[in-house]
Structures are given as C-alpha cells and as structure tokens.
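**Student:**
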DNA sequence: ATGCCGGGTACGACCCGA
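Residue numbers (the working numbering): 466 to 741.
1. Taking the beta carbon of residue 606 as the centre, do at least 16 other beta carbons fall within 10 Å, making it buried, or is it exposed?
2. Report the option in 506, 537, 539, 632 whose CA atom is closest to the CA atom of residue 496.
3. With a cut-off of 8 angstroms on the beta carbons, I'd call residue 731 and residue 702 a contact; round off their distance for me.
4. What is the rounded straight-line gap between the Cα of residue 740 and the Cα of residue 626?
5. Do you know how far the Cα of residue 660 is from the Cα of residue 415?
6. Suppose only complete runs of 4+ residues qualify. What are the alpha helix (DSSP H) ranges in the segment 657–723, listed by chain order?
7. Three or more beta-carbon pairs under 8 angstroms between the segment 565–583 and the segment 515–533, yes or no?
8. Taking 8 angstroms as the cut-off, does the segment 633–640 touch the segment 692–706 (at least 3 CB pairs, one atom from each stretch)?
9. What does the Cβ neighbour count give for residue 667, buried or exposed, with the cut at 16 atoms within 10 Å?
10. Closest by CA to residue 520, which one among 513, 532, 512, 724?
11. How would you call residue 471, buried or exposed, if buried means at least 16 neighbouring beta carbons within 10 angstroms?
12. Starting from residue 604, trace the alpha helix (DSSP H) in both directions and tell me its first and last residue.
13. Would you mind reading off the limits of the beta strand (DSSP E) that contains residue 473?
14. Does DSSP put residue 490 in a helix, in a strand, or in coil?
15. Would you call residue 649 buried or exposed, if buried means 16 or more other Cβ atoms sit within 10 Å of its Cβ?
16. Runs of 3 residues minimum, wholly inside the segment 531–566: which ones carry the beta strand (DSSP E) assignment?
17. So the alpha helix (DSSP H) residue 512 belongs to, where does it begin and stop?
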C-alpha cells in the first residue's frame with residue numbers, strides 16, 4: 466500500500482499537476498495540504514474520475530487539508546482536538562481518516578502545522594518564562610505541536626497502524642537544510658520548535674524518510690531567490706509512523722523531480738510503501 | 001533583502017507563505 470503526502474499550494478492552481486501525479490504515482494491514500502479552498506469549492510469531479518474518494522477540511526483562501534483514497538474511508542474526523550479547550554480552531558489544518566486494510570484498521574492523518582513566522586513581533590503573546598516576547602503566530606505553532614503531541618499519544622495507545630503525514634514546517638536537523646545557518650533564528654528551526662518535534666518523536670513515532678536513508682531529502686524549495694536551481698532546499702514534509710506501521714515500512718521516497726514541473730508547487734510529494 | 005515568487009481575493013493592491 467502506497468501512502469503519500471503533498472503540500473500542493475492551491476488545489477485550483479495545481480489540479481492538472483495533481484491529476485498527472487495521481488496517474489503516475491498511483492497512491493492508495495494521498496494527504497494534501499494547502500488546498501486553499503472551501504469544501505464546497507473543491508474540484509472533485511476529475512479526481513473522482515480517477516477512482517478516488519475525497520474528504521476535505523477546507524476554508525476560504527488559506528490552509529485546508531484533504532484525504533484522497535482508493536478505498537472508502539470507514540470514518541473521518543476534522544480538526545485537531547483542543548485538549549480541554551472547547552474553542553474551535555479557526556484554521557483548517559487537520560483531517561484524519563480510518564481505512565480497512567485486510568481486516569486491520571489503518572489511521573492516516575493529513576496535517577498542516579503552522580509556520581510560526583515571524584517569531585518576534587509587536588503582537589507579543591502572553592508573557593511566561595518560556596514565551597516572553599514571542600509573536601502570537603509562533604505561540605500558536607508551539608501550542609499546535611503540543612496539541613498534536615496529546616493527540617498522537619492517545620492514538621498510539623490504540624496500538625494500530627497510524628500515520629501522521631504532512632507539512633510540519635519543522636526542519637528536524639542541520640542536515641535537513643542546504644544552508645542551515647540561514648534558519649538559526651527561524652520558526653522552522655528554533656530550539657523550542659525542535660523540542661516540540663522531539664517530544665512528538667519520543668512517543669515512539671518513526672520518521673519514515675530517516676528510517677530508510679541518511680541522505681539529502683529536501684521537500685521544499687522557495688519560489689524566490691533561485692532556491693530551486695541552487696538546490697537551496699529544506700526537509701519539512703514528514704511521515705511519522707506508529708511502531709505497528711513502522712514494522713511494515715518497505716520504502717520511503719521524495720519525488721524531487723516534481724519541483725521542476727511547469728507551474729510546480731514549492732513542495733514536492735513524499736511517499737511510503739507499507740506491506741499489506 | 002521584513003519580501004526576490006507565486007496563490008488567493010477580486011480587479012488594485014494586499015495578505016500570506018517559509
């Protein structure tokens with residue numbers, strides 16, 4: 466079974482690329498991020514014509530995530546639980562599907578973790594020992610990682626195949642950036658960001674790409690400043706696996722060449738193969 | 001280079017991304 470994740474940076478602008486990719490790569494489940502549209506405006510027909518079920522959690526203009534799957538999902542949930550806080554998250558960044566694979570349940574989530582920049586600005590958040598002077602955007606990112614931690618801890622207790630896939634906006638280590646010195650003060654690389662990501666991994670999740678290779682595996686190249694021709698990339702799209710899913714991991718790939726396509730997204734797809 | 005490109009909104013510039 467092939468499961469993929471791709472931040473497509475706008476479903477309407479990327480529909481032809483998405484259809485071409487679906488035909489070529491044939492993912493059984495595809496996690497999309499930054500669909501940048503509402504559920505009712507999502508262009509369903511040509512994707513359904515390729516044999517995919519579509520589940521979306523969208524909003525107007527920004528964010529938005531989706532799950533495409535060749536099998537019908539048994540259950541779908543939208544939004545990351547707030548953990549004690551009943552307020553709805555106004556940003557559409559999380560959707561989870563439950564699928565049946567030869568009698569087993571497999572849970573796959575598509576997530577778009579907040580960017581968090583600028584880290585320091587005038588809209589200082591609540592002052593605490595850990596967060597003095599940081600922006601509301603960075604505070605939201607750190608809180609979102611903490612919410613994801615609590616969610617993952619609950620899911621891991623089920624001891625099922627569970628895959629957390631998406632755009633994490635986290636560069637895990639210096640080797641995951643062509644120019645790590647450029648990211649030292651960035652929300653994608655700051656110590657507090659790494660601390661949250663490590664806490665998540667330390668629950669027992671496996672970073673699928675790093676489980677199969679220590680080599681260069683960038684997934685994002687900025688549109689600006691010739692980042693793509695210079696290969697000034699970063700690895701920020703990840704697939705984290707429960708121990709049950711990691712046991713079945715066969716391979717993991719980054720489809721780097723797709724960054725060179727006409728009208729490319731600034732992210733490329735990542736996919737894994739899981740033994741059935 | 002706190003904005004070099006590109007998408008969305010909506011039709012003139014702004015907001016946003018990483």
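The beta-carbon is built from N, C-alpha and C at its ideal position, and this holds for glycine as well. In this text, all values refer to a predicted model and were calculated from it rather than measured experimentally.
**Tutor:** Per the coordinate set shown:
1. buried
2. 632
3. About 11 angstroms separates the two Cβ atoms, so there is no contact after all.
4. 11 angstroms
5. Residue 415 lies beyond the range of the chain shown here (466 to 741); nothing can be said about it.
6. 673–677, 708–712
7. yes
8. yes
9. exposed
10. 532
11. buried
12. 601–621
13. First-last for residue 473: undefined, no H or E at that position.
14. helix
15. exposed
16. 540–543, 559–566
17. 510–513
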